[in-house]
Every structure is written in C-alpha cells, then in structure tokens.
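Participant:
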Amino acid sequence: MARKALFLYTHLSTFVRGDLAILSGSFDVKEYQVVNTPKRVLPWSLLKLALFLIINIRKFEFVYIWFADYHSFLPLLFSRIAGKRSYLVIGGYDICRERRYKYGSFSNPLRSIAAISSIKMATTNLCVSNSVQRVIRAIAPSSRSCVVYNGVNTDLLSYPESSAQDSSLGGISSSEILCVALVSTVQSFYIKGIDRFNSVAESMPDNNFVLVGCNLDVFMLAGVTPAKNLKILPRLNHSNLKDFYINSKVYCQLSRRESFSLSLAEAMSYNCIPVITKTGGMPEVIGELGFMADGDNISQMVSQIKAALTTHRSDVLRKRVLDNFSLKRREESLLKIING
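Every position in the sequence shown, counted from 1, becomes a number in my numbering once 1163 is added.
#1: Using DSSP's beta-bridge definition, name the partner residues of W1229.
#2: Based on the DSSP secondary-structure assignment, which residues constitute the bridge partners of I1395?
#3: Go through its chain and collect everything with a Cβ distance to V1479's Cβ below 8 Å, but skip five positions before and after it.
#4: Pull up the distance between the alpha-carbon of P1397 and that of Y1256, whole angstroms please.
#5: Kindly indicate the opening and closing residues of the beta strand (DSSP E) around N1288.
#6: Should the stretch 1306 to 1319 be called in touch with the stretch 1343 to 1361, which here means at least 3 C-beta pairs below 8 Å?
#7: In its own chain, which residues sit with a C-beta less than 6 Å from the C-beta of F1230, not counting the 5 before and 5 after it?
#8: On the three-state DSSP scale, how would you describe V1465?
#9: Counting only runs of 3+ residues fully inside the stretch 1172 to 1238, write out the beta strand (DSSP E) ranges in chain order.
#10: Apply the 10 Å Cβ neighbour rule to G1188 and answer buried if 16 or more other Cβ atoms are within range, or exposed otherwise.
#11: Just confirm the distance between the C-beta atoms of V1375 and F1352, as a whole number of angstroms; I'd bet it's less than 8 Å.
#12: Nearest CA to the CA of A1470: which residue from A1428, N1487, M1431 and Y1414?
#13: Count the other C-beta atoms from every protein chain shown that fall within 10 angstroms of the C-beta of G1333, then say buried if there are 16 or more, exposed otherwise.
#14: With a CB to CB cut of under 7 Å and the five nearest residues on each side skipped, what residues in its chain are close to M1445?
#15: Checking 8 Å against the spacing of the C-beta atoms, do K1283 and A1301 come in under that value?
#16: Please state whether the Cβ-Cβ distance between L1171 and V1226 is less than 8 Å.
#17: Taking contact to mean 3 or more Cβ pairs, one atom from each stretch, closer than 8 Å, check whether the stretch 1357 to 1366 and the stretch 1384 to 1398 are in contact.
#18: Tell whether a beta-carbon distance below 8 Å holds between K1265 and F1223.
#19: Report the residue ranges of all beta strand (DSSP E) runs contained in full by the stretch 1393 to 1444; include only those spanning at least 3 residues, in chain order.
#20: Looking only at its own chain, which residues have a Cβ that is under 7 Å from the Cβ of N1392, when we skip the five neighbours before and after it?
#21: With a 10 Å radius around its C-beta and 16 neighbouring C-beta atoms as the bar for buried, classify A1184 as buried or exposed.
#22: Let me know if P1437 comes out buried or exposed under the rule of 16 or more other beta-carbons within 10 Å of its beta-carbon.
#23: Can you tell me which of the three DSSP states K1167 falls into?
#24: Looking at T1442: is its Cβ nearer than 8 Å to the Cβ of S1466?
#25: In the DSSP assignment, the beta strand (DSSP E) including F1128 goes from what residue to what residue?
#26: So, with DSSP's three-state summary, where would you put S1294?
#27: For the ligand NAD, any of its heavy atoms closer than 7 Å to the Cβ of Q1463?
#28: Cα-Cα, which of S1305, P1389 and L1209 is closest to Q1196?
#29: Quick one: measure Cβ to Cβ for S1306 and A1277, integer angstroms, because I've assumed they're closer than 8 Å.
#30: In terms of DSSP beta bridges, what is L1454 paired with?
#31: Can you say whether C1309 is buried or exposed, counting buried as having 16 or more other CB atoms within 10 angstroms of its CB?
#32: How is S1275 classed by DSSP in three states: helix, strand or coil?
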C-alpha cells in the first residue's frame, strides 16, 4: 500500500507544483488547497480545514506544507497531536517584515504568531536558501531546519547556442537587459524592485530593456512613468519566455526581498549574465559569477550592468544551475529527508 501524504498550499505556484510532482511520484498524495483570498473567506476556509483534519489526519504518514502562515498552523498542530511528521517549506515572505510595503507574514501581529508557531511545531523546516535558514535560527533557535534549494525543471529547458545579440524570434522582440517578475500589485512592484529597474533603464537610454510578467496598470498605480526604452510584457508561457532568455545578454533582479529567485536561476541556465542586488538568497544563486550592487544605489546598478554587457557569456553559468539548482537535485534532497 502506498504511503499517504497530505500536501497543503494556498496557491499552486511553480514552486508548489514542482514539489507536488516530486512527492506524487513516491507517495499517495492528498492535495489540499486552503483558499485565502479574498480575506473574508479565510475564516471559513480554516473552519473547513479543521473539520477535514479532525476526520482525516490519522490517515496520513506525514504532512507537507508550503509557507508558514494562517493556513499552516492547524495542520501542524493536528500533526503534533496525532504524532505525525510534518515538513514546512519556508519560502521567504513568511519570515519577513517590510513595514513600508506591508509585506511579509511578520507585518501583521496575528499572522506572525501563526507563522512562528508553525515554524516551532514543524518536524523539519525546509528553507529555500541559507539566507532563510539564518532567519529561522534567529527567530526559532530550537526548531529543526535544513536547506533545500528551489529547483529549475531542466527537463523542460532546451539549450541552443546562446546569443548575446538583439534579435527577434517568432515575432517576439528580444532585449539586451531582461527582468522577469510576476507583478500585479503596487506592493509587489516595489518588493521586486521594478522601480529600480525602470530607473536604470532611464539612465541607459541607448540600451533595450524588457520586463516580463508585469501589469502595465501597476506603473500608473505606483505613480511611476515607464522608461521609453523599457518594453513591458504580461506573463508569458515558457516557450515564449525561453526566447527572451536565449537572446538577452544580461538578466537583472533588483528586488528588495528575494529568498531565492527561480527566474534568476532559469536565466542563468540560458547563460544570461546576472546582475542582482545583495538581497536574501540571490548571492547564493550566482555564487562567484555575475555582478552585485547596492539596492539603494542606482548609479552602482548602472555601472554593474554596463560591466556585464562587456562580459562574454559562458557555459559556467548554466553549469552552476545544473549542478546546484536542478529540480532533480531538489527531488533527491526532499526524498532523502522524508525517507531518512
């Protein structure tokens, strides 16, 4: 009989989908989505979750949850009462507080209690970077944690000969300097550093910049005028996004908060030269490769991007991702922890 696992999440993001596929390959997984938007539905969702756990928690060998938040508290409490193992993935927002932008679980007192209680109750906290683990050790020193990096699904990626030239593939314009960020709110606009990326574009009018995944309306809501040399595109499917990675020489991630950055790792897998802010887990992703800048220093970002533009693309970028951040590597690590 297959071993049963309960898998909980609020949104089926790329990260969540990847882990769900990994666990489903080895366990009989019950998938449970806790609906938390709009906010008014959360109490009813938690009540429904409590009833489900009362009836079913003893059926599962272990519980696996993405993010420490309101939705993680009850499953971890019931797991502890029932003597079941529990694994809590700490993704970043669940352990941070950006008061200015009201971002992170710790920006709300009640939410922070749910998050830190969840961290303390989990059998093991699975941190997506060393940066995240350092925070966990500071706020809950007695809790057990380990680092399991997020993974790029290299099986879905094709690696033709990389090009640093500005060209066009299939009618989709490419760029020299690329940023990929899913941005639909003013909050995410600033957390992802889109205002910084826009300022850099304004400072480099002779270069082409492309931002993929952003809603143009957010610029207006934030009171920011898009740079004339910045092309803004909505979210693209991977087959279209791949063309931008292939033809963009430089990839920028100028975030204020970033626990890992899967898009950064994906860009590096296509040999894009990374330029990042010294934030969270991003320095761990690029290692000794690429360029870093102070997030509050636009002129330094511009200088680093100009330096990146004069650097030759190299397969060492791709190799770093394949060696350290593949989905296969994450699968091996997760299964070793769970089966250990």
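Glycine included, each C-beta is placed from N, C-alpha and C at the ideal position.
Facilitator: In short, the structure shows the following:
#1: Sequence index remark: in the sequence shown, residue 1229 carries index 66 (1-based). Residue pairing of W1229 in beta bridges, as defined by DSSP: V1252.
#2: The sequence position of residue 1395 within the sequence shown is 232, counting from 1. Its beta-bridge partners are L1374.
#3: Start at 1 with the first residue of the sequence shown, and residue 1479 comes out as number 316. Same-chain partners within the cutoff: L1452.
#4: Counted from its first residue, the sequence shown places residue 1397 at position 234. Counted from its first residue, the sequence shown places residue 1256 at position 93. Roughly 23 Å between the two C-alpha positions.
#5: The count along the sequence shown starts at 1 and reaches residue 1288 at position 125. First-last of the beta strand (DSSP E) with N1288: T1287 to C1290.
#6: no
#7: Your numbering for residue 1230 matches position 67 in the sequence shown. The answer, listed in chain order, is G1254 and D1257.
#8: Counting from one through the sequence shown, the residue named residue 1465 turns up at place 302. Helix.
#9: 1191 to 1196 and 1225 to 1229
#10: Indexing the sequence shown from 1 puts residue 1188 at position 25. G1188 comes out exposed.
#11: Along the sequence shown, read from residue 1 onward, the residue named residue 1375 stands at position 212. Along the sequence shown, read from residue 1 onward, the residue named residue 1352 stands at position 189. The Cβ separation is near 14 Å, so there is no contact.
#12: On the sequence shown, residue 1470 is found 307 positions in, with the first residue counted as 1. The shortest C-alpha separation from A1470 is found at Y1414.
#13: Position 170 of the sequence shown, counting from 1, holds the residue named residue 1333. Per-residue confidence for G1333 stands at a pLDDT of 40, beneath the threshold of 50, marking its modelled position as unreliable; the derived number appears in the next sentence. Exposed, because fewer than 16 other Cβ atoms sit within 10 Å of the Cβ of G1333.
#14: The sequence position of residue 1445 within the sequence shown is 282, counting from 1. Contacts found: Q1416, E1421, S1424, L1427 and I1439.
#15: Counting from one through the sequence shown, the residue named residue 1283 turns up at place 120. Counting from one through the sequence shown, the residue named residue 1301 turns up at place 138. Not closer than 8 Å, so no.
#16: Position 8 of the sequence shown, counting from 1, holds the residue named residue 1171. Position 63 of the sequence shown, counting from 1, holds the residue named residue 1226. Cβ distance < 8 Å, so L1171 and V1226 count as in contact.
#17: yes
#18: As a working note, residue 1265 is residue 102 in the sequence shown. As a working note, residue 1223 is residue 60 in the sequence shown. Contact flag unset, no.
#19: 1393 to 1396, 1413 to 1416 and 1436 to 1440
#20: Here the question's residue 1392 lines up with position 229 in the sequence shown. Correct list, in chain order: A1364, P1368, N1370, N1371 and F1372.
#21: One-based indexing of the sequence shown puts residue 1184 at position 21. Counting Cβ neighbours within 10 Å, A1184 comes out exposed, since fewer than 16 surround it.
#22: For the purposes of this step, residue 1437 is taken as the residue at position 274 of the sequence shown. P1437 should be labelled buried.
#23: Taking the first residue of the sequence shown as position 1, residue 1167 is located at position 4. Of the three classes helix, strand and coil, the one that applies to K1167 here is strand, per DSSP.
#24: Position 279 of the sequence shown holds residue 1442. Position 303 of the sequence shown holds residue 1466. Not in contact: T1442 and S1466 (Cβ atoms no closer than 8 Å).
#25: Because the chain spans 1164 through 1503 in this model, residue 1128 falls outside it and cannot be assessed.
#26: Your numbering for residue 1294 matches position 131 in the sequence shown. Here S1294 carries a helix assignment [DSSP, helix/strand/coil].
#27: The ligand NAD is absent from the structure shown, which contains no ligand whatsoever.
#28: The residue given as residue 1196 occupies position 33 in the sequence shown. Answer by Cα proximity: L1209.
#29: Walking along the sequence shown from the start, residue 1306 turns up at place 143. Walking along the sequence shown from the start, residue 1277 turns up at place 114. 15 Å between Cβ atoms; not a contact.
#30: For the purposes of this step, residue 1454 is taken as residue 291 along the sequence shown, with counting starting at 1. A small fix is needed here, since residue 1454 is Phe in this sequence, not Leu. Answer is V1438.
#31: Taking the first residue of the sequence shown as position 1, residue 1309 is located at position 146. C1309 comes out exposed.
#32: Position 112 of the sequence shown holds residue 1275. The answer is helix: DSSP assigns S1275 an H, G or I state.
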